[in-house]
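Written below as structure tokens is the structure these notes are about.
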Amino acid sequence: MNLEYGPEYEDFRAEVIDFCKEYEGISFENTSSKNVSRSEWQKILIEKGFIARAIPKEYGGFGGETDIIKSRIIATEFSKAKIPGGMGGQGIDMLVPTLLEWGTEEQKQQYIQPTLHGEMIWCQGYSEPNAGSDLASLQTKGELKDGNWVINGQKIWTSTAQYSQMMFCLVRTEPQAPKHSGISFILIPMDTPGIEIRPLVDMTLNAGFNEVFFTDVTVPEGNIVGKRGDGWSVANSVLGHERGSLADPNATMNRLNTLINMMKEETIDGRRLIDIPSYRDRLMQVQGKVMANQAHSLRLLSSKINPGQNVKLGGMIQKLVGTELRHEMEALAIDVLGEIGTLYEETPRLKENGSFQFHYMYFLGLIIGGGTNQIQKNIISERGLGMPKEPKVQEAS
Amino acid sequence: MYFGLSEEQNQFQDYVKKFLSDNVSVDEIRKIANGDDQKLHDDIKSGLMNLGLSSLLIPENYGGLGGDLLSAVSISQGLGTGVGPISFAGSYVMTPIALSLGGNDDQKDKYLPKIASNEIKFGVGLSEYVAAREDSGIELNKGKASGKALFVIDGDDADFFILSDKGGTMFIVDKNDKGLEVIQLTTVDKTRLYLELNLKNVKAEVLQETENNPFIIQKVIDAGRIILSADSLGASETMIEKAVSYAKERKQFNRVIGSFQAVKHMCAEMAADLEPCYAMLWQAAHSFDHDPDEARLQACQAKSHIAEVAKMVSKKATEVHGGMGFTDLLGLHYWFKRIGLNRQILGGPELVREEAAELQGFNQ
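These protein sequence lines are chains P and E, in that order.
Each position in the first sequence, counted from 1, maps to that position plus 21 in our numbering.
Each position in the second sequence, counted from 1, maps to that position plus 20 in our numbering.
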């Protein structure tokens with residue numbers, strides 16, 4: 022056991038801390054004196070090598086080497102100083118790594134830089150009404166006609182579709198092939214005629230998702246990433262990133278601190294919530310889980326920099342454990358607030374902007390999304406514990 | 021940066037696991053639990069002692085290996101996997117730490133080398149300091165101790181006991197003292213022995229540094245809690261392994277039951293909740309060794325959280341075995357009961373969580 026990162030990294034940490042001091046109180050809102058636009062901030066972070074570290078300069082990245090210890094230091098120090106990180110989203114988190122692995126030179130040149138700089142927003146067209154957990158049974162159809170893909174069908178759960186310039190989409194192009202090998206990964210400009218976006222309001226009352234309908238949507242043949250029928254492999258090469266990132270341990274720790282502070286401030290009959298034994302015990306249980314999770318993320322980090330340290334199962338559990346924990350933590354906040362905890366939207370007496378209710382519901386969404394937690398349990402038991410798959414049921418007609 | 025057990029610690033743990041899997045099957049455990057074969061029990065004890073367990077935490081200048089708590093954790097995990105029917109947390113972790121931190125030079129000279137060489141053995145009874153149940157509790161008066169100590173651990177073949185008064189002053193008593201009555205308690209866990217001690221004016225050899233310094237007894241209790249948690253972690257690991265392998269073999273409805281999602285999901289839930297416990301435990305031990313500011317909170321939280329996860333695992337793993345899990349025949353209950361004991365010793369989850377809250381100033 023050695024939890025020291027070494028002098029090189031402590032120098033780097035000092036550099037990050039200085040940077041955080043320099044930009045203390047930075048905001049994207051016009052009202053702030055330290056106002057900066059999101060895309061300006063993005064460029065500053067790339068220039069420092071704090072994000073897009075390992076992406077080559079010619080595609081708009083920093084052009085350095087992947088260094089997950091540095092990434093960890095950045096995440097930790099930014100989180101402590103409440104400095105906003107880089108932009109996320111499907112384009113930066115998922116499409117860019119996919120293109121780096123599978124894209125043609127032309128595609129890399131065309132898409133990576135504007136995506137990294139926040140000038141090109143992407144949405145992900147994977148799920149369909151009849152292809153959720155069983156994603157590979159998707160039916161949106163793509164036919165090659167006169168050098169163009171002509172796409173018809175429907176996607177659902179498409180976050181940010183209404184703000185996106187582009188979609189990366191899984192389309193069935195080889196209807197005769199077995200279901201996993203009949204899919205292609207195609208890039209679609211969202212202003213192409215024939216695309217209709219309908220917002221889908223979720224239980225938080227935000228239109229976080231959309232339905233997207235395609236009627237004879239026509240894009241050039243060259244918009245395919247990878248070969249025809251490779252779409253499943255192309256998509257799966259980065260799916261792991263999403264599952265790992267759904268419940269960031271730094272965010273979880275910050276949230277726990279918010280909960281603790283709230284329990285010290287709010288009272289019942291003049292008594293602090295944290296002084297009520299049953300509430301306090303639940304808080305301590307959640308804290309124990311958060312501490313286990315924090316330690317576990319250090320172990321996973323260690324396994325990435327020390328070849329031979331095997332924590333295969335450890336990586337598979339992150340989405341399941343992390344999302345359930347956040348949901349439980351937000352539920353506790355609501356319970357200790359009692360009736361006050363039910364307040365939502367714009368109302369007198371609202372606490373923390375209603376964020377406890379919002380996250381309580383939002384994390385239920387994440388428990389379901391990104392591969393439901395039941396699917397996660399299948400993955401853990403089959404790939405992690407070597408248990409047999411459910412036998413295939415005869416195709417029902 | 022490396023977060024985990026070292027190669028050496030893993031190897032040490034593997035020796036313990038291998039010794040137990042080669043020599044201590046469920047049949048042997050049953051014989052020992054029923055008290056049917058003293059020779060077998062003695063052979064197993066000396067076999068494990070030969071691996072160096074007694075000298076692990078004794079400082080090098082007293083003839084020991086000078087190991088740290090994380091090394092002891094790696095051993096305790098190994099012992100837990102095979103419900104090793106042997107003293108460890110009390111005799112070979114809490115005792116050397118209590119003597120090293122709390123003893124004067126004479127006391128260290130007198131006891132530490134002989135513990136390392138396995139010539140003498142200590143049982144430990146600090147439950148009263150954590151939570152005095154019923155009529156337990158000991159008063160120290162002019163070098164004499166009177167009262168009762170409940171739930172002394174590792175008391176089998178003990179020559180001495182380390183006890184404490186309510187203020188955290190620790191002292192040694194000799195098992196041959198005429199004022200000392202030793203009463204054997206029978207718990208559900210028959211892989212280890214638990215005692216009640218009745219003291220009437222027993223000569224108490226006080227560990228001088230512990231007088232008016234509760235920091236030392238707390239440190240000893242932290243270590244005990246971490247080691248007991250490691251034992252539960254190891255026992256849970258085995259229960260999951262047994263459940264998974266049983267589910268891969270047992271057939272119902274013409275399928276192995278491990279292909280049913282109801283069964284698979286129970287196994288996945290056990291694995292998912294247990295996995296972060298390794299890191300939590302190692303971090304707590306590492307803090308004990310290197311980061312005293314964090315150590316107590318981490319020890320309390322590890323004791324609580326691992327006890328809760330282990331309890332869940334012990335229940336679900338038994339359920340996966342169906343009716344067989346409930347039988348004595350399979351012997352799965354030895355692991356179930358071991359987890360049950362570790363949970364209560366030195367503070368059950370609610371008590372240690374309350375301590376964790378106090379440490380952070382949460383209850384005023």
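All C-beta atoms, glycine included, are put in the ideal place defined by N, C-alpha and C.
Against residue i, what residues of chain P qualify as contacts under a CB-to-CB distance less than 7 Å, listed in chain order?
i: E:G278; result: M408, P409
i: E:L90; result: M22
i: E:H325; result: G309, K310, A313
i: E:H341; result: Result: empty, since nearest Cβ-Cβ is about 15 Å, beyond 7 Å.
Just grab the DSSP bridge partners of residue i for me.
i: E:L160; result: E:A165
i: P:V311; result: Beta-bridge pairing links P:V311 to no other residue.
i: P:G146; result: P:C190
i: P:G370; result: Reading off the sequence, residue 370 of chain P comes out as Arg, not Gly. Per DSSP, none; premise fails for P:R370.
i: E:R275; result: E:Q272
i: E:C214; result: Inspection of the sequence shows that residue 214 of chain E is occupied by Tyr rather than by Cys. In the DSSP output, where bridge partners are listed per residue, E:Y214 has E:I173, E:L205.
i: P:Q175; result: P:F234
i: E:F142; result: E:F180
i: P:N23; result: E:Y22
i: P:P210; result: P:M187
i: P:N331; result: Per DSSP, none; premise fails for P:N331.
Give the interface partners of residue i over in chain E, defined as CB-CB distance under 9 Å, in chain order.
i: P:L341; result: A288, E289, A292
i: P:L319; result: M21, F23, A299, Q303
i: P:N399; result: Q281, K284, H285, A288
Can you look up residue i in the DSSP assignment and give me helix, strand or coil?
i: E:S45; result: coil
i: P:K285; result: helix
i: P:W170; result: strand
i: E:R270; result: coil
i: P:S205; result: strand
i: E:L68; result: helix
i: P:F235; result: strand
i: E:R245; result: helix
i: E:D309; result: helix
i: E:S184; result: strand
i: P:I326; result: helix
i: P:V259; result: helix
i: P:A198; result: coil
i: P:A152; result: strand
i: E:F387; result: Outside the modelled stretch of chain E, which goes from 21 to 384, sits residue 387 of chain E, for which no answer is possible.
i: E:V103; result: coil
i: E:N221; result: strand
i: P:I245; result: strand
i: P:I216; result: strand
i: P:R293; result: strand
i: P:K162; result: strand
i: E:G77; result: The amino acid at residue 77 of chain E is misidentified as Gly; the sequence shows Leu. It is coil, neither helix nor strand.
i: E:V2; result: Residue 2 of chain E lies beyond the stretch modelled for chain E, which goes from 21 to 384, so this question has no answer here.
At a CB-CB cut-off below 9 Å, which residues of chain P make contact with residue i?
i: E:Y22; result: M22, N23, L24, S323, I326, N327, Q330
i: E:R245; result: The contacting residues do not exist; E:R245 stays about 13 Å from chain P at best.
Use the C-beta contact count for residue i: other C-beta atoms within 10 angstroms, 16 or more gives buried, fewer gives exposed.
i: P:N394; result: buried
i: P:I361; result: exposed
i: P:E149; result: buried
i: E:D42; result: exposed
i: E:G104; result: buried
i: E:F273; result: exposed
i: E:F382; result: buried
i: P:T15; result: Nothing about residue 15 of chain P can be read from this structure; chain P reaches only from 22 to 418.
i: E:G367; result: buried
i: P:S48; result: exposed
i: P:V233; result: buried
At 8 Å on the CB atoms, spell out the chain E contacts of residue i, in chain order.
i: P:Q308; result: Q321, A376
i: P:Q395; result: Q281, H285
i: P:I338; result: A291, A292, E295, P296
Just the chain P side, please: which residues come within less than 8 Å of residue i by C-beta, in chain order?
i: E:F108; result: None at all; the shortest Cβ gap to chain P is about 20 Å.
i: E:N383; result: I295, D296, P298, R301
Validate contact between the stretch 270-287 of chain P and the stretch 132-151 of chain P using beta carbons, cut 8 Å, 3 pairs
Below 8 Å, too few C-beta pairs join the stretch 270-287 of chain P and the stretch 132-151 of chain P to call them touching: fewer than three.
Are at least three pairs of beta-carbons, each pair with one atom in the stretch 363-372 of chain P and one in the stretch 55-74 of chain E, less than 8 Å apart?
Flag = no, the stretch 363-372 of chain P and the stretch 55-74 of chain E do not touch.
Say whether the stretch 248-259 of chain E touches the stretch 298-310 of chain E, bearing in mind that this needs 3 or more beta-carbon pairs closer than 8 Å, one atom from each stretch.
Verdict: yes, contact present.
Does the stretch 258-265 of chain E come within contact of the stretch 275-295 of chain E, defined as at least 3 CB pairs closer than 8 Å?
Short answer: they touch.
Would you call the stretch 125-142 of chain E and the stretch 235-247 of chain E in contact, with 3 or more CB pairs under 8 Å?
Two segments are said to touch when three or more pairs of C-beta atoms, one from each, lie closer than 8 Å; by this definition the stretch 125-142 of chain E does not touch the stretch 235-247 of chain E.
Check whether the stretch 340-350 of chain P and the stretch 373-392 of chain P touch, using three or more Cβ-Cβ pairs below 8 Å as the test.
The stretch 340-350 of chain P is in contact with the stretch 373-392 of chain P.
At a cut of 8 Å, does the stretch 164-176 of chain E reach the stretch 130-149 of chain E through at least three beta carbon pairs?
The count of Cβ pairs closer than 8 Å, one atom from the stretch 164-176 of chain E and one from the stretch 130-149 of chain E, reaches three, so the stretches are in contact.
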